[in-house]
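Participant:
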Amino acid sequence: MTATPLERAVSLSQSMLETAARADWDDFAQLEQQREDLLAQAFQSGERDEATLRTLIDCNRELCEEVARARDKVALEWQQAKGRSQAIAAYSHN
6 MTATPLERAV SLSQSMLETA ARADWDDFAQ LEQQREDLLA QAFQSGERDE
56 ATLRTLIDCN RELCEEVARA RDKVALEWQQ AKGRSQAIAA YSHN
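Numbered according to the working numbering, the sequence shown spans residues 6 to 99.
(1) For R40, report the span of its alpha helix (DSSP H) as first-last.
(2) Excluding the five sequence neighbours on either side, which residues of its own chain have a C-beta within less than 7 Å of the C-beta of L61, listed in chain order?
(3) Output the distance between the C-alpha atoms of A45 and A86, rounded to the nearest integer angstrom.
(4) Where T7 and L58 are concerned, what is the direct C-alpha to C-alpha distance, given to the nearest angstrom?
(5) Mind checking which residues open and close the alpha helix (DSSP H) that includes M21?
(6) Find the nearest neighbour of E23 within the set Q84, N65, I93, judged by alpha-carbon distance.
(7) Can you round the beta-carbon distance between V72 and A25 to whole angstroms, since I take them to be within the 8 Å contact cut?
(8) Rounded to whole angstroms, what is the Cα-Cα separation between T9 and R89?
(9) Out of curiosity, what's the CA-to-CA distance linking L43 and A56?
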């Protein structure tokens, strides 16, 4: 039996979680576009599998959490690098 667009979107969401864990944001973006296309297909066809939708919502929640963690990590690293740069500039200026 062929998977429905929603089921394929869930599978892509799980792959997105794996790519986010590896911080492979290029692949993540490609998978996200594919998932958006599948969700559009599901919406247009009127697909309404509640169990699959719940799974998709749970995956999406996990994706949001993973992306937020990565964003926070990058922001912290940027702040630390900025602080080091300022310290070096202050030291060099004296």
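Where a beta carbon is used, it is the ideal one built from N, C-alpha and C, also for glycine.
Facilitator: So, to answer that:
(1) Start at 1 with the first residue of the sequence shown, and residue 40 comes out as number 35. Its alpha helix (DSSP H) spans residues 30 to 50.
(2) Here residue 61 is taken as the residue at index 56 of the sequence shown, counted from 1. These residues qualify, in order along the chain: L11, A14, V15, S18.
(3) Within the sequence shown, numbered from 1, the residue matching residue 45 stands at position 40. Within the sequence shown, numbered from 1, the residue matching residue 86 stands at position 81. Between A45 and A86, the C-alpha separation is close to 41 Å.
(4) Along the sequence shown, one-based indexing puts residue 7 at 2. Along the sequence shown, one-based indexing puts residue 58 at 53. T7 and L58 have their C-alpha atoms roughly 17 Å apart.
(5) Within the sequence shown, the letter at position 16 stands for residue 21. Taken as a continuous stretch (DSSP letters only), the alpha helix (DSSP H) holding M21 covers 10 to 26.
(6) Counted from its first residue, the sequence shown places residue 23 at position 18. E23 has its Cα closest to that of N65, out of Q84, N65, I93.
(7) Within the sequence shown, residue 72 is the residue found at index 67, counting from 1. Within the sequence shown, residue 25 is the residue found at index 20, counting from 1. Indeed they touch by this definition, with Cβ atoms about 6 Å apart.
(8) Here residue 9 is taken as the residue at index 4 of the sequence shown, counted from 1. Here residue 89 is taken as the residue at index 84 of the sequence shown, counted from 1. Their backbone Cα atoms lie some 51 Å apart in a straight line.
(9) Residue mapping note: residue 43 aligns to position 38 of the sequence shown, counting from 1. Residue mapping note: residue 56 aligns to position 51 of the sequence shown, counting from 1. Between L43 and A56, the C-alpha separation is close to 17 Å.
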